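So the structure is just underneath, and the comments pick up after that.
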Amino acid sequence: MSSLAWIDFDEAERQRAQRIMVLFQERETRDELGLGGIRDSIADHLFPGTSTIQTRLRYMLFIPWLFQMLEESTEGSDQLEIEARALENRLANALKAGGESNGIIGRDAGADLQRLPSSVYWAGLGTWGIRLFMGSTDNFFSSLHQLRSRSRRVRKSEGVAAEAQAFQIWSPSLPCRPKELLGAARFRLTSDEAAFIIERLVSKQPRSLLTFLARSGAGSADCANIWEHPDLADFPDETRRLVGHSEVFSSVMLGAALLYNLLLSELREKRDWLEKYESRLQEWRAGLDMPAVRAWSLDAFWQDIDHRAHRIRPAAKRFVAEWLALVRAGSVGEGGLTRAAHMVQDRERRLKTSQSRFANRAVRDRWNGASGVEPLSFRWAQARSHLRDLADAG
300 MSSLAWIDFD
310 EAERQRAQRI
320 MVLFQERETR
330 DELGLGGIRD
340 SIADHLFPGT
350 STIQTRLRYM
360 LFIPWLFQML
370 EESTEGSDQL
380 EIEARALENR
390 LANALKAGGE
400 SNGIIGRDAG
410 ADLQRLPSSV
420 YWAGLGTWGI
430 RLFMGSTDNF
440 FSSLHQLRSR
450 SRRVRKSEGV
460 AAEAQAFQIW
470 SPSLPCRPKE
480 LLGAARFRLT
490 SDEAAFIIER
500 LVSKQPRSLL
510 TFLARSGAGS
520 ADCANIWEHP
530 DLADFPDETR
540 RLVGHSEVFS
550 SVMLGAALLY
560 NLLLSELREK
570 RDWLEKYESR
580 LQEWRAGLDM
590 PAVRAWSLDA
600 FWQDIDHRAH
610 RIRPAAKRFV
620 AEWLALVRAG
630 SVGEGGLTRA
640 AHMVQDRERR
650 LKTSQSRFAN
660 RAVRDRWNGA
670 SGVEPLSFRW
680 AQARSHLRDL
690 ADAG
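The working numbering puts the first residue of the sequence shown at 300, with every later residue one more than the last.
Below is the structure:
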């Protein structure tokens with residue numbers, strides 16, 4: 300089979316597969332109740348190209364620059380991969396030499412780093428249109444020589460400028476690589492680099508909230524949740540509606556996550572854990588905006604969050620609908636025999652089968668006492684960090 304066979308894949312399927320591979324690496328994607336598809340649909344509408352393990356925005360340029368350094372190599376794919384790893388390790392050292400401390404991927408692991416920056420940012424580079432090559436990093440290494448050869452042949456032909464574009468690896472307007480990149484690097488973007496990133500967002504993700512905030516320069520607001528943003532009233536109508544959905548969904552479903560942890564704490568007979576989750580459930584109930592919860596339209600919610608990269612299963616929709624009905628009825632109790640408790644246990648058992656913490660004591664005994672106990676934020680923390688980097692460019 301040709302090493303360029305990846306170009307026959309459906310684009311939506313390819314993007315979905317890349318997102319799944321990235322999610323498997325993320326620490327904060329534990330999805331005990333099967334709500335990850337909903338969470339990620341919202342996040343990818345609001346902040347496309349981000350992930351919870353991204354640190355600083357300039358990696359969106361560091362990775363293309365490092366991979367450009369490989370493009371003239373005559374080595375085979377295995378050696379190219381080794382060279383790429385070495386370059387990424389050198390970048391970590393260069394950032395240290397440049398005076399950076401926070402946000403360096405591989406700062407402490409060094410050559411033993413398992414999750415390379417390229418794997419963290421690769422999907423986002425494609426989503427933002429910085430990377431035009433449609434394959435994975437493995438595809439890049441195995442296809443590089445053939446890709447470059449075909450690109451040269453196309454450029455020698457007449458009247459095939461559009462075809463030549465298809466063989467480009469990076470955006471033609473990618474800023475030039477700094478000479479000191481592997482000597483002493485910094486996270487601060489230049490004004491030209493920031494302008495390039497904003498241009499890519501406008502071109503490839505024009506309707507996203509990330510793009511709106513990047514263009515307005517108002518995205519670095521110091522708020523914990525996007526629905527608390529001081530400029531919320533100025534968001535585009537469609538985006539403001541989606542942010543409203545995300546606030547209600549996050550607040551409503553937090554109760555299910557807290558109850559899940561409470562039920563496991565009961566089974567583990569951990570008194571301090573029990574008291575903590577009983578208290579948090581009481582706080583959750585007291586903090587619900589019940590008029591907003593009662594007015595929330597699930598039909599509109601499913602329609603507005605629909606995303607081609609995520610399939611939300613009917614069982615997940617049923618669980619949300621049934622849980623919402625219990626919340627509206629004030630029927631979320633704390634005991635293990637309530638309807639809410641049965642719902643949560645049944646949902647987790649169906650998802651995890653033999654690995655269910657409710658069904659498998661050995662698995663349950665390894666539980667550390669906290670799973671998904673924070674409100675969903677839909678990657679706002681990462682988006683806020685990137686927007687702050689844009690605002691600080693110069």
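Glycine is no exception: its CB is placed at the ideal position from the N, C-alpha and C atoms. Being a predicted model, the structure only gives us computed values, none of them experimental.
Just the C-alpha distance for residue i and residue j, rounded to the nearest angstrom, thanks.
{"i": "G693", "j": "E492", "result": "9 Å"}
{"i": "P416", "j": "V631", "result": "43 Å"}
{"i": "E574", "j": "M552", "result": "20 Å"}
{"i": "L334", "j": "A585", "result": "23 Å"}
{"i": "D688", "j": "P535", "result": "23 Å"}
{"i": "D691", "j": "E387", "result": "24 Å"}
{"i": "H685", "j": "L636", "result": "45 Å"}
{"i": "Y559", "j": "N438", "result": "41 Å"}
{"i": "Q504", "j": "L345", "result": "10 Å"}
{"i": "R612", "j": "I337", "result": "9 Å"}
{"i": "D307", "j": "L531", "result": "Reliability of the predicted coordinates at D307 is poor, the pLDDT of 39 falling under 50, and the value obtained from them is presented with this limitation in mind. Answer to the nearest angstrom: the Cα atoms are 41 Å apart."}
{"i": "G668", "j": "T436", "result": "37 Å"}
{"i": "S385", "j": "A410", "result": "In the sequence on display, residue 385 carries Ala and not Ser. Cα to Cα, the separation comes out at about 8 Å."}
{"i": "E327", "j": "L481", "result": "Confidence at E327 is low in this model, with a pLDDT of 40, below 50, so the placement of that residue should be treated as unreliable; the coordinate-derived value is given next. Each residue's Cα considered, the two are about 31 Å apart."}
{"i": "L365", "j": "L488", "result": "16 Å"}
{"i": "S549", "j": "M589", "result": "14 Å"}
{"i": "W572", "j": "S376", "result": "51 Å"}
{"i": "N392", "j": "P363", "result": "18 Å"}
{"i": "S655", "j": "E382", "result": "42 Å"}
{"i": "R593", "j": "R627", "result": "6 Å"}
{"i": "L500", "j": "D603", "result": "21 Å"}
{"i": "F620", "j": "R607", "result": "First, the amino acid is wrong: residue 620 is Ala here, not Phe. So the two alpha carbons sit approximately 22 Å from each other."}
How close, in whole Å, do the beta carbons of residue i and residue j come, if the pair is a contact with beta carbons under 8 Å?
{"i": "L332", "j": "R646", "result": "5 Å"}
{"i": "L424", "j": "M359", "result": "6 Å"}
{"i": "I468", "j": "F432", "result": "4 Å"}
{"i": "E399", "j": "R485", "result": "6 Å"}
{"i": "L561", "j": "E633", "result": "6 Å"}
{"i": "S350", "j": "V419", "result": "7 Å"}
So residue i is in the alpha helix (DSSP H); what residue range does that whole segment cover?
{"i": "K616", "result": "P613 to A628"}
{"i": "D536", "result": "D536 to R567"}
{"i": "E647", "result": "R638 to K651"}
{"i": "L481", "result": "Element bounds for L481: n/a, residue is neither H nor E."}
{"i": "D664", "result": "R660 to D664"}
{"i": "L424", "result": "P416 to T426"}
{"i": "G335", "result": "G335 to L345"}
{"i": "N667", "result": "Looking at the DSSP string, N667 is not in any alpha helix (DSSP H), and its letter there is neither H nor E."}
{"i": "Q581", "result": "R570 to G586"}
{"i": "V501", "result": "S490 to K503"}
{"i": "H685", "result": "W679 to A690"}
{"i": "L365", "result": "Y358 to Q367"}
{"i": "Q602", "result": "L597 to I604"}
{"i": "P590", "result": "M589 to A594"}
{"i": "R514", "result": "L508 to S515"}
{"i": "D377", "result": "S376 to A396"}
Checking 7 Å against the spacing of the C-beta atoms, do residue i and residue j come in under that value?
{"i": "S340", "j": "H609", "result": "yes"}
{"i": "W583", "j": "G554", "result": "yes"}
{"i": "G397", "j": "A483", "result": "yes"}
{"i": "F440", "j": "P474", "result": "no"}
{"i": "A614", "j": "L625", "result": "no"}
{"i": "W622", "j": "V547", "result": "no"}
{"i": "F361", "j": "L390", "result": "yes"}
{"i": "S507", "j": "P347", "result": "yes"}
Against chain B, with Cβ distances strictly below 7 Å, would residue i count as a contact?
{"i": "P529", "result": "In summary, chain B is missing from the structure at hand, where a single protein chain is found."}
### Query
Is the region 534–547 touching the region 648–660 in the sense that three or more CB pairs, one from each, lie closer than 8 Å?
no
### Query
Between the region 574–582 and the region 638–657, do three or more beta carbon pairs fall short of 8 Å?
No, the region 574–582 is not in contact with the region 638–657.
### Message
Taking contact to mean 3 or more Cβ pairs, one atom from each stretch, closer than 8 Å, check whether the region 401–409 and the region 424–440 are in contact.
### Response
Inter-segment contact for the region 401–409 and the region 424–440 is absent: fewer than three beta-carbon pairs are separated by less than 8 Å.
### Task
Specify whether the region 565–574 and the region 517–533 touch according to this definition: at least 3 beta carbon pairs, one from each stretch, less than 8 Å apart.
The way I'd put it, the region 565–574 doesn't touch the region 517–533; fewer than three beta-carbon pairs between them come closer than 8 Å.
### Task
Report yes or no: do three or more beta-carbon pairs, one from the region 599–616 and one from the region 359–374, lie closer than 8 Å?
Taking a cut-off of 8 Å for Cβ pairs, the region 599–616 and the region 359–374 do not touch, as fewer than three such pairs fall below it.
#### Entry: Cβ pair count under 8 Å reaching 3, the region 681–689 against the region 345–362
Between the region 681–689 and the region 345–362, the count of Cβ pairs shorter than 8 Å is three or higher; the stretches touch.
### Query
Is the region 523–530 close to the region 668–679, with three or more CB pairs under 8 Å?
yes
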